[in-house]
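Undergrad:
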Amino acid sequence: MNFSCLDSLNQSSNPSLHYAMRVLSMYEDNGSVEFLKEDPKLLGADIAKKITVPKSRIFRTSGTSGVPQKVYHNEETITCAVEALLDRIGRENYSSFCCLPLNHVGGWMQVERALRTGGSVLFGDYKNLTEVDMVEILKQRWISLVPTQLHVLLNSSLALKNLRSSLGIFVGGAELPPAIEMKAREAGIPLWPCYGMTETAGMITALDSDSFLDHGSGVGTCLSHSRIKIVEGRLSIKSKSLCYRFGESKIPKDDWYETPDLGAFEDDTGYRITGRTDRCIITGGEMVSPQVVENCLRETSLVTDCMVVGEEDNHWGQRVTAFIILKSNAQIDDLKKIAKKSLSSIEYPKDWKVVDAIPISEMGKLKE
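Right, here's the structure in full:
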């Protein structure tokens, strides 16, 4: 069994190492694999034949609705994503220090890149960069981070030293707040801000680190396998790495795929992502549905009304904020206790604001 893409420096007890080994073993069986949080799942032949093409990779994303959907990739889409990135970075192989979860595209694609190019993946926690001198280890490796992780690392002198020694740091999954962008640039960190999604098997645009350090902003230009058009501010994409199926819907290979993302194109640095058309909040690289949180709060019978929004935050990208109209005699602490039990840690509001009224526009957005 070929585990050569898994670096020999990996600790044998590392959960990500075991996850990767299980998936690669499933690949040997030519099976279709569903990337679940705790363990990968090999689909039975009867199920796989009905819903997938051979050797599919199936990930989950919340999509525009906040409701988990399955995203189906195959050998072709994964290969196109890998080759396009290699074209951009100008290298024949890809090795990385992986500190993203493998059930997400951002984590697993690092294994695919190494597997297909003769590189290797070293797994670890991003906080290792604040604790261990990894300069020699990182000299020929790439790192992928979400803005929340980068925010923590920028406050550690050892992490800065480690980051500067790497080939480059791809940062995506959420908007890069201006304060973090400025701090990383001032520290000389070779960031590669990028844009992509589960549906495209990772990034389809990237801003190279030289441009970033030269005060370039945004997420750069399209990789060789992708195109973007903007209609009334909304991004649509064509990409050879676009999934062949999303949930119950097959995705036509040559059609434009409309995203929920808003953006603009700037001649000097390329694309800039300015927001989303849906209400989903992206916090720490994870997607939260405001409706789920609002429904939970309303079900307590302690509120007359509520609204949950994402507010700009240097650490989280967006922080989940709840605006609450309490019923008479209701206490905010009681509401928080109930919500704590019902919501996941990422859904639980970080800010609670008790108000007399919730002003919303005709588009259902909170007025400033």
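Residues 27 to 394 (the working numbering) make up the sequence shown, in order. Ideal Cβ positions, reconstructed from N, Cα and C, are used throughout, including at glycine.
1) Rounding to the nearest angstrom, what Cα-Cα distance links S182 and P385 in this structure?
2) In the DSSP assignment, find the unbroken beta strand (DSSP E) run with V257 in it and report its ends.
3) May I ask you to check if the CB of Y297 is nearer than 8 Å to at least one heavy atom of the ligand FMN?
4) Given a threshold of 16 other Cβ atoms within 10 Å of its Cβ, counted over all protein chains shown, does L268 qualify as buried or as exposed?
5) Measuring alpha carbon to alpha carbon, tell me which of D280, P219, H99 and E54 ends up nearest F238.
6) Compute the distance between the beta-carbons of A232 and L111, then report whether it is under 9 Å.
7) Quick check on this structure: which residue in K366, I350 and Q344 has the alpha carbon closest to the alpha carbon of P204?
8) Below 9 Å between beta carbons: does that hold for L290 and I263?
9) Drop a sphere of 10 angstroms on the beta-carbon of V144, count the other beta-carbons inside from all chains shown, and report buried for 16 or more, exposed for fewer.
10) Would the beta-carbon of F149 fall within 9 Å of that of L43?
11) Roughly how many whole angstroms lie between the Cα atoms of D113 and N119?
12) For the candidate residues K165, S252 and C106, whose alpha-carbon lies nearest to that of E138?
13) Where are the alpha helix (DSSP H) runs, 4 residues long or more, that stay fully inside the region 152 to 228, in chain order?
14) Helix or strand or just coil, what does DSSP make of Q95?
15) What are the partner residues of T347, as DSSP defines its beta bridges?
TA: According to the structure data:
1) For this step, residue 182 is matched to residue 156 along the sequence shown. For this step, residue 385 is matched to residue 359 along the sequence shown. If you take the alpha carbons of S182 and P385, they lie about 41 Å apart.
2) Here residue 257 refers to the residue found at position 231 when the sequence shown is read from its first residue. Here the beta strand (DSSP E) through V257 covers S252 to V257.
3) The ligand FMN is not among the ligands present in this structure, which contains no ligands whatsoever.
4) The count along the sequence shown starts at 1 and reaches residue 268 at position 242. The residue is buried, with at least 16 neighbouring Cβ atoms inside 10 Å.
5) Your numbering for residue 238 matches position 212 in the sequence shown. The shortest C-alpha separation from F238 is found at P219.
6) Residue numbering aside, residue 232 sits at position 206 when the sequence shown is read from its first letter. Residue numbering aside, residue 111 sits at position 85 when the sequence shown is read from its first letter. One thing to note: A232 has its Cβ within 9 Å of the Cβ of L111.
7) Taking the sequence shown and counting its residues from 1, one reaches residue 204 at position 178. Nearest Cα to P204 within the set K366, I350 and Q344: Q344.
8) Stepping through the sequence shown from its first residue, residue 290 is reached at position 264. Stepping through the sequence shown from its first residue, residue 263 is reached at position 237. Note that residue 290 is Ala in the sequence shown here, rather than Leu. No, they are not a contact pair.
9) Residue 144 sits at position 118 when you count from the first residue of the sequence shown. Per the sequence shown, the amino acid found at residue 144 is Gly instead of Val. The residue in question, G144, is exposed, as its Cβ has fewer than 16 Cβ neighbours within 10 Å.
10) As a first step, residue 149 is located in the sequence shown; it is residue number 123 there, counting from the start. As a first step, residue 43 is located in the sequence shown; it is residue number 17 there, counting from the start. In this structure, L43 lies closer than 9 Å to F149 by Cβ.
11) The count along the sequence shown starts at 1 and reaches residue 113 at position 87. The count along the sequence shown starts at 1 and reaches residue 119 at position 93. Answer to the nearest angstrom: the Cα atoms are 11 Å apart.
12) Counted from its first residue, the sequence shown places residue 138 at position 112. Looking at K165, S252 and C106, the one whose alpha-carbon comes closest to that of E138 is C106.
13) Here the runs fully enclosed are 161 to 164, 173 to 179, 183 to 191 and 204 to 212.
14) In the sequence shown, counting from the first residue as 1, residue 95 sits at position 69. Correct three-state label for Q95: strand.
15) Mapped onto the sequence shown, residue 347 falls at position 321. Answer by DSSP bridge pairing, in chain order: V335 and D377.
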